[in-house]
Amino acid sequence: MVSRVIPVDPFDLVIFGATGDLANRKIFPGLYRRFQAGQMPMEARLIGAARSDMSCEEFRAHIRKSIDEFVHENKRDPKMIDDFIARLDYVPVDARGTDGWDDLKTKIDNTHITAFYFSVAPALFGDIAERLVSYGISDSESRIVVEKPFGRDLASAEKLNATLAEFFDEGQIYRIDHYLGKETVQNLMALRFANILFEPLWNSQYIDHVQITVAETVGVGGRGSYYDKSGAMRDMIQNHLMQLLCMIAMEPPYHFDPDAVRDEKVKVIRALQPVPAHDIVRGQYLGYHREGYDEPMPGYLEDCEDPNSKTESYIAMKVNIANWRWTNTPFYLRTGKRLRARTSEIAVFFKEPPHSIFDDSESDVNWKANQLVIRLQPNEGMNLKMMIKEPGPGGMRLVQVPLDMSFAEALGEGGADMPDAYERLIMDVIRGNQTLFMRGDEVEAAWAWTDPIINGWEERGDKPKPYDSGTTGPEDALMLMHRDGRRWRHVK
Ligand code: BG6
Numbered sequence: 023m024v025s026r027v028i029p030v031d032p033f034d035l036v037i038f039g040a041t042g043d044l045a046n047r048k049i050f051p052g053l054y055r056r057f058q059a060g061q062m063p064m065e066a067r068l069i070g071a072a073r074s075d076m077s078c079e080e081f082r083a084h085i086r087k088s089i090d091e092f093v094h095e096n097k098r099d100p101k102m103i104d105d106f107i108a109r110l111d112y113v114p115v116d117a118r119g120t121d122g123w124d125d126l127k128t129k130i131d132n133t134h135i136t137a138f139y140f141s142v143a144p145a146l147f148g149d150i151a152e153r154l155v156s157y158g159i160s161d162s163e164s165r166i167v168v169e170k171p172f173g174r175d176l177a178s179a180e181k182l183n184a185t186l187a188e189f190f191d192e193g194q195i196y197r198i199d200h201y202l203g204k205e206t207v208q209n210l211m212a213l214r215f216a217n218i219l220f221e222p223l224w225n226s227q228y229i230d231h232v233q234i235t236v237a238e239t240v241g242v243g244g245r246g247s248y249y250d251k252s253g254a255m256r257d258m259i260q261n262h263l264m265q266l267l268c269m270i271a272m273e274p275p276y277h278f279d280p281d282a283v284r285d286e287k288v289k290v291i292r293a294l295q296p297v298p299a300h301d302i303v304r305g306q307y308l309g310y311h312r313e314g315y316d317e318p319m320p321g322y323l324e325d326c327e328d329p330n331s332k333t334e335s336y337i338a339m340k341v342n343i344a345n346w347r348w349t350n351t352p353f354y355l356r357t358g359k360r361l362r363a364r365t366s367e368i369a370v371f372f373k374e375p376p377h378s379i380f381d382d383s384e385s386d387v388n389w390k391a392n393q394l395v396i397r398l399q400p401n402e403g404m405n406l407k408m409m410i411k412e413p414g415p416g417g418m419r420l421v422q423v424p425l426d427m428s429f430a431e432a433l434g435e436g437g438a439d440m441p442d443a444y445e446r447l448i449m450d451v452i453r454g455n456q457t458l459f460m461r462g463d464e465v466e467a468a469w470a471w472t473d474p475i476i477n478g479w480e481e482r483g484d485k486p487k488p489y490d491s492g493t494t495g496p497e498d499a500l501m502l503m504h505r506d507g508r509r510w511r512h513v514k
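By the numbering used here, the letter at position 246 of the sequence shown is numbered 268, and the numbering carries on one by one without gaps.
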């Protein structure tokens, strides 16, 4: 199945922070792939803007290198790359001064859709927004794209929202959470709302609990000083895992419409209960010696260069949602760095049937409840564990087997070619579709839930538990489950 590509309307996209890490790794390689797929019209123009005083030619050479490094070999077509590079332009701008802004204005074609990607520190959002308006570069149809971290607590998020609101309407602001651009995350909506199968069972009467896991193998080396001010709670739970939880827990929106979807997500976030200290486990990875390497891998405290840091590189928590659908069905969340494998998944554990007709004393019944596992990465797909009878004449023996679907295999060629989250999200900005972007009130509601949790451990002076790199995290996280008579799913 080859996916249909519908070109978007002509646009000018200005990327502030165009020489930065995100632009190199994700934004420009993603734009190239959309160009190659035929989604970008010939009139589209991409204008890099940054502090570095480089020429357009130097900038083009720089992006050519990013494409070589971050686009898969089988997508690197020399002629396509030349054509793509030819639509790049560059303007040095001083975000806090006057240099470059008049120049930038002359480059913009206001008959096109105009979008401005703020791939810069949040401290610059206000300065750039103000100049886009005062220099007459943006108009009332322009879109701005901002990245996380969107604040570090409720007060700073409110302040950022207020700053942007001075210059742009909410309908023009696209707050990116790249997890919403992942194929499987959107597939959650299709799974729940395009099939009759699950929705009648999607509540605390039939679902025992939900586990959301985002495990990474990487440490924080290289970005330790940023990460140390953030930690797993701010870096992952407040945004990415929260979005996954919302997708599972939300009520059906009346339509797949940006505000209808976001209204339902906000209701879930507001129904999240405060989390007591005994429902949280925080950890910090230790260093280790890799086979074949002379130098040991540093532990978290070395990576963040603060031997007294109390920031968590791992967190597991039990979250309750107080509403009719979910009361008594806990959601267990866990995420961390330097774990055994890079695995992200959502596992929905159904309850056992209320009565078994099979007599397990006479036949070899090994009863297990159904599980639905939605894999985000690697190998995006779904797995539904079902009970069947084991073949053979030996009585009624039950076994649990997986109905396993890998999206790439199920969708053939089209599936293997799934766009990266950033590609999809940037095209949505141009299409003017905010469904997969966070609304201001949603971000604030998420911080309002997060703040007391963080304040709690800061006031108590809690220290994270050390855990060995390459494991599943601190031992205490197992206890969080065991004491409820449950266990974490084994992730490879
Ligand atoms: C980012 C976090 O938002 O998401 C990183 O700041 C994390 O710490 C990354 O590694 C994970 O994204 P992905 O798409 O690789 O799961």
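Glycine included, C-beta positions come from ideal geometry on N, C-alpha and C.
Per-residue burial, Pro222 [other beta carbons within 10 Å of its own, 16 or more giving buried]: exposed
Smallest Cα separation from Asp121: which of Tyr444, Asn350, Asp381, Ser74? Ser74
Contained alpha helix (DSSP H) runs [length at least 4] in the stretch 121-156, N- to C-terminal order: You should have 123-129, 147-156.
How about the stretch 244-264 and the stretch 355-365: do they share at least three Cβ pairs that are nearer than 8 Å? With a cut-off of 8 Å on Cβ pairs, the stretch 244-264 is in contact with the stretch 355-365, counting three or more such pairs.
Using the three-state DSSP reduction, which class does Ser74 fall into: helix, strand or coil? Looking at Ser74 - three-state DSSP - the assignment turns out to be coil, as it is neither helix nor strand.
Smallest Cα separation from Ile448: which of Ile166, Gly42, Ala467? Ile166
Which stretch, first to last residue, makes up the alpha helix (DSSP H) that contains Tyr248? In the DSSP annotation of this structure, the continuous segment of the alpha helix (DSSP H) that includes Tyr248 starts and ends at 246-250.
Take the Cβ of Lys181 as the centre, count every other Cβ of all protein chains shown within 10 Å, and call the residue buried at 16 or more, exposed below. exposed
Skipping 5 residues on each side, what residues in its chain have a beta carbon closer than 6 Å to that of Tyr139? Ile37, Val167
Lys170 CB to nearest heavy atom of the ligand BG6 below 7 Å: Result yes, Cβ under 7 Å from the ligand BG6.
Taking the alpha helix (DSSP H) that Ser178 belongs to, which residues open and close that run? 176-189
Checking 8 Å against the spacing of the C-beta atoms, do Lys359 and Gly241 come in under that value? yes
So, with DSSP's three-state summary, where would you put Pro474? Pro474 falls in the helix class under three-state DSSP.
Give me the residue from Asp191, Gln233, Ser226 with the minimum Cα distance to Thr351. Ser226
What are the boundary residues of the beta strand (DSSP E) that includes Arg304? 302-307
Mark Val236 as exposed unless 16 or more other C-beta atoms lie within 10 angstroms of its C-beta, in which case mark it buried. buried
Would you call the stretch 391-405 in contact with the stretch 199-214, where contact means no fewer than 3 C-beta pairs closer than 8 Å? yes
DSSP state of Pro100, grouped into three classes? helix
Does the beta-carbon distance from Pro486 to Glu327 come in below 8 Å? no
Compute the minimum distance between the beta carbon of Glu238 and the heavy atoms of the ligand BG6, and state whether it is under 7 Å. Answer for Glu238: yes, Cβ within range of the ligand BG6.
Hey, Thr349 and Val513: beta-carbon distance below 8 Å or not? no
Residue of Cys78, Ile89, Gly148 minimising C-alpha distance to Pro100: Ile89
I'd like the list of long-range same chain contacts for Asp191, defined as Cβ closer than 8 Å, with 5 residues on each side in sequence excluded. Here the set comprises Ser162.
What three-state label does DSSP hand Phe81 in the structure shown? helix
Just checking Asp257 against the ligand BG6 - is the residue's beta carbon closer than 7 Å to any of the ligand's heavy atoms? Answer for Asp257: yes, Cβ within range of the ligand BG6.
By DSSP, does Leu501 sit in helix, in strand, or in coil? Looking at the sequence itself, residue 501 is Met, so the reference to Leu does not match. Helix at Met501.
Start and end of the beta strand (DSSP E) containing Lys411? From DSSP, the beta strand (DSSP E) with Lys411 extends over 403-411.
Taking just the CA atoms, how far does Tyr157 sit from Trp123? 7 Å
Of all the options Tyr489, Gln295, Asn392, Leu35, which has the alpha carbon lying nearest to the alpha carbon of Ser160? Leu35
Which term fits Asn217, buried or exposed, when burial requires 16 or more other beta carbons within 10 angstroms of its beta carbon? exposed
Three-state secondary structure assigned by DSSP to Phe372: strand
Have a look at Ala254, Ser331, Asn132, Pro296 and flag the residue whose alpha-carbon is nearest the alpha-carbon of Glu238. Ala254
Any Cβ of chain E within less than 8 Å of the Cβ of Ile368? Given the protein chain composition of this structure (a single chain), no chain E is represented.
Could you give the first and the last residue of the continuous alpha helix (DSSP H) run that contains Gly52? 50-58
Secondary structure of Pro222, DSSP reduced to three states: helix
From which residue to which residue does the alpha helix (DSSP H) around Phe429 run? 429-432
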